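*Asks:* Residue numbers (our numbering), protein chains in the order written: chain A, 16 to 259; chain B, 4 to 171.
Where a beta carbon is used, it is the ideal one built from N, C-alpha and C, also for glycine.
Remember, it's a predicted structure, so these values are computed and weren't measured experimentally.
1) Quick one, are the C-beta atoms of residue 185 of chain A and residue 258 of chain A less than 8 angstroms apart?
2) Let me know the alpha helix (DSSP H) ranges lying completely inside the stretch 83 to 144 of chain B, each 4 residues or longer, listed in chain order.
3) Is the CB of residue 54 of chain A under 8 angstroms away from at least one CB in chain B?
4) What are the start and end residues of each continuous beta strand (DSSP E) run of 3 or more residues lying completely inside the stretch 171 to 212 of chain A, in chain order?
5) Residues of chain A with CB under 9 angstroms from residue 97 of chain B, in chain order?
6) Contact criterion: CB-CB distance below 8 angstroms. Does residue 221 of chain A meet it with respect to chain B?
7) By the three-class DSSP mapping on this structure, what secondary structure does residue 82 of chain A have?
8) Can you say whether residue 226 of chain A is buried or exposed, counting buried as having 16 or more other CB atoms within 10 angstroms of its CB?
9) Within the 8 angstroms Cβ cut-off, does residue 42 of chain B reach chain A?
10) Report the three-state DSSP secondary structure of residue 221 of chain A (helix, strand or coil).
11) Answer yes or no: does any C-beta atom of chain A fall closer than 8 angstroms to that of residue 15 of chain B?
12) Measuring CA to CA, which of B/43, B/94 and B/45 is closest to residue 71 of chain B?
13) Who are the near neighbours of residue 219 of chain A in its chain, counting only those whose CB is closer than 7 angstroms to its CB and skipping five residues on each side?
14) Within its chain, find whatever has a CB closer than 8 angstroms to the CB of residue 86 of chain A; leave out the 5 residues flanking it on each side and keep chain order.
15) Chain B partners of residue 229 of chain A, CB-CB under 8 angstroms?
16) With DSSP as the reference, identify every bridge partner of residue 71 of chain B, one or two as the case may be.
17) Go ahead and pull the three-state DSSP assignment for residue 214 of chain A.
18) Please check the pair residue 233 of chain A and residue 163 of chain A, which I expect to be a contact at CB under 8 angstroms, by giving their CB distance rounded to whole angstroms.
19) What separation, rounded to the nearest whole angstrom, lies between the Cα atoms of residue 46 of chain B and residue 78 of chain A?
20) Name the one or two DSSP bridge partners that residue 168 of chain A has.
21) With 8 angstroms set as the bound, which would you pick, yes or no: does the beta-carbon of residue 38 of chain A sit closer than that to a beta-carbon of chain B?
22) Considering only the beta carbon of each residue, do residue 151 of chain A and residue 192 of chain A sit closer than 8 angstroms?
23) Just the Cα atoms here: how many angstroms apart are residue 87 of chain B and residue 128 of chain B?
24) Work out the CA separation of residue 152 of chain B and residue 69 of chain B for me, nearest whole Å.
25) Taking only beta-carbon atoms, is residue 136 of chain B less than 8 angstroms away from chain A?
Okay, here's the thing in C-alpha cells:
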C-alpha cells in the first residue's frame, strides 16, 4: 500500500488581525460604493445616526439661555438670501390674523396691530441655511414665549406646529419654540419685514436651521402629538430637530 | 467624510456661491444635500472616535515621544547628506502635521454644525462663517495630497516590500 502522509496540521487563527483588516476594508468599500452618486442607503444610514444626533443636540440646547448676539456693524444685508419652496403669497396685513390654538387654555387670534402693541424683542443673530451660507441679521418681533404667556399652553404640550399661507408647514420641539430668541418677526434689519422674507409674520431664531423658520405664518398649534407630516423639508429627508 | 462632504459642498460652493463650480456626482456620496448630510453626520462619529482612540493610544504608549517629528528630524532635513535619513524625516514631518489638520477639520466642522451652542468655536475663527468653511474645506486637498505624498514617500523608504508587509 502506498503510504500517503497526512499534511501537518497547521494551527491557524480563525481570523487574524491582518485578515480582519483586509475583509473589513474591502467590505466597507463595497458597501459604500453602493452610495456613490446616489441617495441610496443615505436614509438607512440616517436611521442609525439620527436618534443619536438628535439626543445630543437636544441635550446641548439650553432652553432658557440666549446665545451670543452681534453688534449692529456686523449685519450682512446682502448675505441673507431668499429661498422658497413655492410661490410668494400676498397677504393683506389689515385682515390678517395669527391664530394660536391646540392644547392651550386660551386659544386666541391676533391682528398685526395687537401683535405690534405687545413688547418688541429685537435681536441681531446669525441666520444659517442648510445650503451652507449664513448671514448676520436683525430680527424684531414678539417672542413666542410672550405669546404663550397669553394663551397658556397645557403641560401636555410638547410641540408647536406652524402653518403658513403658502402651504408650508413645520413643527418644533416646545423648548426651542419657547426659547427667548425664538420670535414671530415682523421687522428685518431695522425695516418692516418685506414680503419675500415672510411678511406679515415669520419665525426667526438663531437656534435652528433656516428651513425650520416658516414664513407667512398663519397658525401656531400647541400639541402633544405630531402628525406623520412633521414639516415640508423634513418629509423630504432633512433633519427634524435641525438645532444649531 | 470627504465624499459626503463634497456632496454638501455642492449645495453652496465655497468658491463661487450658488453659481459656483460643483463636484461631479461620481465623487460625491448621498445623491443630494440631505443624503450627504446623513452620511456626513453618521461617519463623523466613526471618524472622530477613531481619531480620539488613536490620540489616547499614542499618549498611553508614549509613542508620541519617539514616533513623530523631533528637532533631530528638522536638522536632518536641513543638513543631512544621507538621502534615506532625509526621506525618513520628511515622512515624519508629513504624518506629524496631518494630525492638527484632521483636528482642525473636526473643530471647524463642529463650529458649522452647532454655531449657536458652540459659539466659542466660531469666535476662534473671527466669528466669520466663510473662514470656517474655507478652513474646513481645505482639509480635503491637504488629506488627499498627504495620502499621495505619504504613499510615495513610503515607497521610496521601503519599496514594495514595505507596502506588501503591511497589507498582504
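*Replies:* Well, looking at it:
1) no
2) 86 to 116 and 122 to 127
3) yes
4) 174 to 179, 184 to 188 and 198 to 203
5) Simply none; closest approach about 22 angstroms.
6) yes
7) coil
8) buried
9) yes
10) coil
11) yes
12) B/94
13) 154, 156, 198, 200 and 228
14) 139
15) Residues of chain B passing the Cβ test: none, with the nearest at roughly 18 angstroms.
16) Answer by DSSP bridge pairing: none, since residue 71 of chain B is not bridged.
17) coil
18) About 18 angstroms separates the two Cβ atoms, so there is no contact after all.
19) 28 angstroms
20) A/119
21) no
22) no
23) 40 angstroms
24) 22 angstroms
25) yes
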